[in-house]
């Protein structure tokens, strides 16, 4: 199917420059693979994997299937409002296990952050934001989230996030994300 999928800094320019009118940040040439995951191909033929939209069980299925078939070096998170908690943990564990890098271009909210923080190298554009809050079903999700974030070394940040009601957002800038060690690097959105 796909050989090797890369993350390039050119991904930022490609996605931010060619967003179609439908609101998604992927180009019209992007190949959908399911669950709001896409493969973008640069003019030189290099490919990179993009998450652009809500995280669902289908997202997890498509991601896990792809990483079994191709060598994925990185996941570009264009924008995501979050979604399915368990699906995001499945994707995150696969990212951690395989040493896949992650990058957020615009925003990564709620369960999306669970995916982002699993990256070996976690980059954000200087314009990007993370959005954190407690889960909708606190009784069910708290212990699951606590264990997951603890495994990744971010238990303190998870505790801070659970102080925010689920109908509110704690917006974390790229700079603050780097201070909290959620992001390992900030890159300029232009250039």
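Residue numbers (the working numbering): 219 to 409.
Glycine is no exception: its CB is placed at the ideal position from the N, C-alpha and C atoms.
Note that the structure is a prediction, hence the values are computed from the model and not measured.
Legend entry - CA nearest to the CA of residue 353, picked from 260, 381, 291 and 268: Taking the chain shown and counting its residues from 1, one reaches residue 353 at position 135. Residue 381 is the option with its Cα nearest to residue 353.
Inset, instruction - Measure the C-alpha to C-alpha separation of residue 245 and residue 373 and round it to an integer number of angstroms. - result: As a working note, residue 245 is residue 27 in the chain shown. As a working note, residue 373 is residue 155 in the chain shown. Cα-Cα distance, rounded: 36 Å.
Legend entry - Coil, strand or helix - residue 329 by DSSP: On the chain shown, position 111 is the one that residue 329 refers to. In the three-state reduction of the DSSP assignment, residue 329 falls in the helix class.
Legend entry - Buried/exposed call for residue 340, threshold 16 Cβ in 10 Å: Locating residue 340 in the chain shown gives position 122, counting from the first residue. With 16 or more Cβ atoms within 10 Å of its Cβ, residue 340 is classed as buried.
Inset, instruction - Could you tell me which residues DSSP pairs with residue 340 in its beta bridges? - result: Taking the chain shown and counting its residues from 1, one reaches residue 340 at position 122. In the DSSP output, where bridge partners are listed per residue, residue 340 has 320.
Inset, instruction - Identify, in the order they occur along the chain, each residue of the same chain with its Cβ nearer than 8 Å to the Cβ of residue 400, setting aside the five sequence neighbours on each side. - result: Along the chain shown, one-based indexing puts residue 400 at 182. If you ignore the 5 residues before and after residue 400, its C-beta comes within less than 8 Å of the C-beta of 331, 334, 335, 340, 348, 372, 375 and 390, all in its own chain and listed in chain order.
Legend entry - Rounded straight-line distance, which links the Cα of residue 393 to that of residue 272: Taking the first residue of the chain shown as position 1, residue 272 is located at position 54. Taking the first residue of the chain shown as position 1, residue 393 is located at position 175. Cα to Cα, residue 272 sits roughly 25 Å from residue 393.
Inset, instruction - Starting from residue 275, trace the alpha helix (DSSP H) both ways and give me its first and last residue. - result: Taking the chain shown and counting its residues from 1, the one referred to as residue 275 is at position 57. Counting along the chain, the alpha helix (DSSP H) containing residue 275 begins and ends at 275-287.
Inset, instruction - Return the bridge partner residues of residue 250 from the DSSP annotation. - result: Sequence index remark: in the chain shown, residue 250 carries index 32 (1-based). DSSP lists 256 as partners of residue 250.
Inset, instruction - Could you check the C-alpha separation between residue 397 and residue 403 for me, to the nearest Å? - result: Along the chain shown, one-based indexing puts residue 397 at 179. Along the chain shown, one-based indexing puts residue 403 at 185. In a straight line, the C-alpha of residue 397 is about 10 Å away from that of residue 403.
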